[in-house]
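The structure appears below as structure tokens.
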Amino acid sequence: MKTPSPSDASPKTLFEKVWETHQIQAETDAAPALVYIDLHLIHEVTSPQAFTALEQRGLTVRRPDRVFGTLDHSTPTTPRAPGSKPIYINAAAKKQVETLEDNCRRHGIRLAGWDSPDRGIVHVIGPELGLTQPGMTIVCGDSHTSTHGAFGALAFGIGTTEVGHVLATQALLQSKPKTMRVTVDGRLPHGVGGKDLILAIIAELGAGGASGHVIEYAGEAIEALSMEERMTVCNMSIEAGARAGMIAPDATTFAWLEGRKYAPKGAAWEAAKQRWSQLKSDADAQFDAEVRLDGSKLAPMVTWGDSPDMAAPIDASVPRAPEGPAAEALAYMGFKAGEALMGETIDAVFIGSCTNARLSDLREAAAVIAGRHVKPGVRMLVVPGSEAVKRQAEAEGLDAIFRTAGADWREPGCSMCIAMNGDSGLAGERIVSTSNRNFAGRQGRGVRTVLASPATAAASAIAGAIADPRRILEASHAQ
Ligand SMILES: CC(C)[C@H](C(=O)O)[C@@H](O)C(=O)O
Ligand code: SF4
């Protein structure tokens, strides 16, 4: 990777720095820019047709060493005996997985397959394995690729046709996005975390508010976030319409990455850190849009509708006089206009997904639920984001905490986030979910999804209704 030349003195944003070092050819009136891609992540849903297209044209994978695959969306999460075959929900799911296994074998691509200790949700394992690094361009046929921007990478989702282009050329035609800075001042109050913050940001921007832009998150509250929370924030950038989300790498980033499987080692690590330290927006850099929020005023957030921007503080009410989409959303969710969110009954809780299924998320939920019980009649599913998260969680006894509380502890995968693998709710059920999308039918036909943080989801499981985790956290603290 080239470093920007020091003679080019005009102030630049973090995004511009990464873009410029990867641009092979600038945008013209006739064509978008051509951008080099450092890392291409693939999963079973959006890659099969891309490989087929490649083979039909007699092409090979240009840089198999820059591609990495995993199995996540269509994989069952029910525990299986070591060495036994997974039981898929249907023939289509089985075929997707087997096709990816076959394509990776034939093209010499690394795959975190069924027997790999590295398998997991694509956006969980990329960072975890140190494949995701600051300053990289990263793509995946998946909208939540924005997650990797938490490390100061330019990471975005692409379509299946583009997956084929990147496999064939390791480059991508892309029009240059605009830039937006979201500055969050102050410190988040106790009991308010990264998930609450991003739900508040999306509610502020609107579902299409950042369309065509790459968001850079900055400010005191962002700097104070853990790496996992930064990933949660960047993960949901797409839900505000953004092309990507980015956070400048710092000591938190470096400490998190050091020693990971594919991270540079020894002298190469020191050199990388030097290089990565330049990856921040210059003081006078201009953004196309600027948004500012006070983080110290935030509360735990939950969604009340069928779009992630329909979110409100947990102690608020749903809209009093809804019209249009808000009225339709309330009807879908089974909420009456003006009702308080807290106390609304629920049927199930899902802790999982690339938004909130990392170790810290499971710890957060476990801290709330430890010594308590899931309300009788409520189902709770806890699905770790990766094999590594599962191992670590089990090593510290989190699985036992969840099981004792009455929750179901599962194998890693996307699971009920998208319900492609058979983990789904029933029509009319209301589910508090730590995932990122509450679209109608996302977790099963007619299912009503309430997005929330792991702490809020756990508190709600205990209450059998939407509940404020701060009350439990305070009570535990006082004991
Ligand atoms: C299946 C996949 C293409 C999809 C995405 O692009 O994001 C999924 O991961 C999702 O979260 O909706
Ligand atoms: S966990 Fe959900 S959001 Fe993330 S990649 Fe899987 S389906 Fe998409």
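The opening position of the sequence shown corresponds to residue 660 in the numbering used here, with each subsequent residue numbered one higher.
Note that CB positions come from ideal geometry on N, CA and C, so glycine has one too.
Owing to the predicted nature of the structure, the values given are computational and were not obtained by experimental measurement.
Cβ neighbours of R846 within its own chain (closer than 7 Å, five residues either side excluded): E879, A880, A883, G954, S955.
At least one heavy atom of ligand 2 lies less than 6 Å from the C-beta of S1012. I817 counts as buried, since no fewer than 16 other beta carbons sit within 10 angstroms of its beta carbon. Not a single heavy atom of ligand 2 lies less than 6 Å from the C-beta of N1015. A check of alpha carbon separations from R1069 across G1011, T687, V1027, I1121 identifies G1011 as the nearest.
By the Cβ neighbour-count rule, T838 is buried, with 16 or more other Cβ atoms within 10 Å of its own. With a threshold of 6 Å, the Cβ atom of V704 counts as near ligand 1, since some heavy atom of the ligand is closer than that. The segment 1014-1021 makes no contact with the segment 1029-1037: fewer than 3 CB pairs, one atom from each, lie closer than 8 Å. Between ligand 1 and I1028, a heavy atom-to-CB distance of less than 6 Å is absent. The alpha-carbon separation between Q715 and Q708 amounts to approximately 10 Å.
The criterion of a C-beta distance shorter than 7 Å is satisfied by T962 and A970. Apart from the 5 residues on each side of it in sequence, Q833 sits with its Cβ closer than 7 Å to the Cβ of P691, A692, V694 in its chain, given in chain order. Nearest in C-alpha terms to A1086, of all of R840, C763, V1106, is V1106. Here C893 has S805, T806, G808, A809, G904 as same chain residues with Cβ atoms under 6 Å from its own Cβ, once five neighbours each way along the sequence are excluded. Note on geometry: alpha-carbon atoms of A922 and P908 lie some 14 Å from one another. For T719, the number of other beta carbons within 10 angstroms of its own is below 16, and it is reported as exposed.
DSSP, read as helix, strand or coil, puts S1092 in strand. Taking the C-beta atoms as reference points, H681 is found no nearer than 7 Å to P723. Under DSSP, no beta-bridge partner is assigned to F810.
Around the beta carbon of E1003, a 10 Å sphere encloses 16 or more other beta carbons of the protein chains shown; the residue is thus reported as buried.
Contiguous beta strand (DSSP E) elements confined to the segment 991-1056 occur at 1007-1010, 1038-1041, taking only those with 3 or more residues. Between the segment 1019-1028 and the segment 1052-1067, the count of Cβ pairs shorter than 8 Å is three or higher; the stretches touch. For P984, the number of other beta carbons within 10 angstroms of its own is below 16, and it is reported as exposed. Following the DSSP letters along the chain, one finds E821 inside the alpha helix (DSSP H) bounded by residues 819-828.
Taking C-alpha positions only, L957 is separated from L864 by approximately 15 Å.
H849 has its Cβ no nearer than 6 Å to any heavy atom of ligand 2. Between T1093 and R1101, the beta carbon gap of about 13 Å keeps them out of contact (Cβ cut-off 8 Å). The beta carbon of L759 lies closer than 8 Å to those of I701, H702, E703, S706, P707, G728, L730, L770 in the same chain, with the five residues before and after it left out. Rounded to the nearest whole angstrom, the CA to CA distance from F913 to A1099 is 39 Å. Within 6 Å of the C-beta of N749 there is not a single heavy atom belonging to ligand 2.
Of the residues K744, I768, I874, G794, the one whose Cα lies closest to the Cα of D774 is K744.
Annotated three-state conformation of G785 is helix, per DSSP. Of all alpha-carbon atoms in R1129, V822, D777, G1056, the one lying nearest the alpha-carbon of S1045 is that of D777.
By the 16-neighbour rule on beta-carbons within 10 angstroms, E787 is buried. The beta-carbon distance between M895 and I861, rounded to whole angstroms, is 6 Å. This is short enough to meet the 8 Å contact definition. Taking G900 as the centre and dropping the five residues before and after it, the same chain places the C-beta of A866, G867, G868, A869, S870 closer than 7 Å to its C-beta, in chain order.
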